[in-house]
Amino acid sequence: MASFFPTRDILGAKIAICTSDAAIAFLLGELAARRLTRVAFSNANLLTVLTGTPEGTRLLDDFLVLNDGVGLDVASKLIYGAPFPDNPHGTDLTPALLAAAPKSTRLFLFGARPGIADKAASVLAQRFGLAICGTRDGYADAGDPARPVATIRAAKADIVLVALGNPRQEQWMARHGAELGAPLVIGVGALFDFLAGVVPRAPLLVQRIRLEWLWRVAHEPRRLGKRYTIDFARFLWLVLQQRRSKR
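Below, the structure is given as structure tokens:
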């Protein structure tokens with residue numbers, strides 16, 4: 025999609041230059057107009073992993089791609105000399121979007137481990153008063169990723185939250201997002217786990233100083249250790265290659 029916002033190219037992905045408030049206002053407009061908009065919150069890991077896939081970061085060409093985390097700011101400083109103006113990451117922006125959405129909005133939660141989406145849906149329904157039109161975990165249909173499409177379409181959702189982890193959720197959204205009948209299809213990563221209380225979020229002070237990634241590594245070292253060491257080193261190497269190519 026042609027981005028509504030100016031963008032910066034990071035490893036071939038067009039990352040929107042915008043604030044969280046501007047992104048929310050734009051998405052509410054797309055929701056009201058019922059225009060299909062896929063949203064990816066891109067951290068360094070997503071771009072690094074996608075560079076090793078056949079489609080590469082071209083997979084994100086039809087997404088609104090928002091920067092998520094310190095890694096993208098580091099890349100932006102190295103390549104363009106300035107960080108992004110804000111950090112519109114999905115864990116905070118998605119709930120803010122839901123808080124601002126009309127109360128008639130129908131919400132479908134797809135992904136995470138069995139039972140987690142149901143718990144997250146209960147939290148969102150209580151917090152924002154939106155209509156939960158369905159949930160489906162991300163494991164039951166692992167062998168046939170197209171199977172949830174009919175269920176989600178029949179639910180007549182306005183917003184579909186997809187929590188399959190990256191890049192699986194972005195790949196699924198790219199292939200099936202247009203078949204769902206929902207205007208907003210948003211990749212939310214670990215949001216359901218946070219809402220359900222199975223994974224703790226970092227204290228607010230840690231979030232404010234942008235060290236939430238370190239908190240998460242400390243709590244999930246086996247799953248996230250490689251992402252923030254070896255994979256991040258590869259990300260920096262790729263960014264430096266892009267920086268050299270611009271000179």
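Per this note's numbering, residue 25 is the first one in the sequence shown, and the count goes up by one each step. Glycine included, every Cβ here is placed at the ideal spot set by N, Cα and C.
Residue environment: D182 is assigned as buried (16 or more neighbouring CB atoms within 10 Å of its CB, all protein chains considered). In the DSSP assignment, S100 falls outside any beta strand (DSSP E) and lies within the alpha helix (DSSP H) extending over 94 to 104. K180 is not a Cβ neighbour of R247, given a cutoff of 8 Å. Straight through space, the alpha carbons of A99 and A106 are spaced by roughly 9 Å.
Here the alpha carbon of A242 sits roughly 18 Å from the alpha carbon of A68. Runs of the beta strand (DSSP E) lying entirely within the segment 139 to 176, each at least 3 residues long, are 155 to 160 in chain order. Taking C-beta atoms as the reference points, T118 and L215 count as a pair closer than 8 Å. Taking C-beta atoms as the reference points, V89 and I39 count as a pair closer than 8 Å. T118 has no beta-bridge partner at all, per DSSP.
F65 carries a strand assignment under DSSP once its states are collapsed to helix, strand and coil. Uninterrupted beta strand (DSSP E) stretches at least 3 residues long and entirely within the segment 173 to 199 occur at 183 to 187, given in chain order. Around the beta carbon of P227, fewer than 16 other beta carbons lie within 10 angstroms, which makes this residue exposed. In the structure shown, the three-state DSSP call for D217 is helix.
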